[in-house]
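Numbering (my numbering), first residue to last: 330 to 448. All C-beta atoms, glycine included, are put in the ideal place defined by N, C-alpha and C.
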Amino acid sequence: MRKGPGKITGEALRHVFAKPATISYPAGELVIDKNYRGRINFDASKCIGCKLCVRDCPANAITIDNLGTKEEKKMQLTLNYAHCIFCCQCVDSCNKDAISFEPNIELAGTSRKDMIVKL
Ligand code: SF4
Ligand code: SF4
């Protein structure tokens with residue numbers, strides 16, 4: 330059904346004064362759902378080096394290394410955000426709660442090297 334000019338003008342005016350559907354970012358505040366799967370965090374003190382996270386990652390985005398000794402482990406997680414698909418399978422696979430995620434999407438970098446982070 331065709332709309333008359335009066336109806337179209339009314340609709341246009343309604344949208345002029347309506348709250349925008351978009352968010353002014355980065356100028357405005359970015360509100361993200363608390364369950365949004367963003368930045369990955371790693372608690373080395375909880376990691377036992379079982380590498381279940383490495384095995385289960387569908388994107389081959391994780392490496393786990395022990396920088397310490399067999400007796401005194403110092404675990405490091407290397408994550409390639411350029412490969413990560415934010416599925417959070419690593420979080421589910423870790424029995425020690427050593428991996429978690431937070432609703433942070435500010436992960437951009439200017440090179441592929443920037444995407445590889447050591448946690
Ligand atoms: S699954 Fe958890 S405990 Fe095992 S290596 Fe990964 S982070 Fe460490
Ligand atoms: S979120 Fe998914 S893709 Fe990213 S490191 Fe964890 S398991 Fe791999």
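Item to complete: Compute every distance between the C-beta of alanine 373 and the non-hydrogen atoms of ligand 3, then say whether any falls below 7 Å.
Response: Absence of ligand 3 from the depicted structure is noted, with ligand 1 and ligand 2 being the only ligands included.
Worksheet item: When every heavy atom of ligand 2 is checked, does at least one fall within less than 7 Å of the C-beta of leucine 381?
Response: Relative to ligand 2, the beta carbon of leucine 381 is positioned no closer than 7 Å to any heavy atom.
Worksheet entry | Buried or exposed by the 16-neighbour rule on C-beta atoms within 10 Å, applied to leucine 406 | Under this definition leucine 406 is a buried residue.
Worksheet item: Less than 8 Å separating the beta-carbons of alanine 427 and asparagine 409?
Response: Result no, Cβ atoms of alanine 427 and asparagine 409 do not sit closer than 8 Å.
Item to complete: Enumerate, from N- to C-terminal direction, the unbroken alpha helix (DSSP H) stretches of 4 or more residues contained entirely within the region 374 to 434.
Response: Runs found: 381 to 385 and 418 to 422.
Practice prompt. Mind checking who lysine 447 pairs with in its DSSP beta bridge?
Written response: According to DSSP, which records beta bridges pairwise, lysine 447 is partnered with Thr407.
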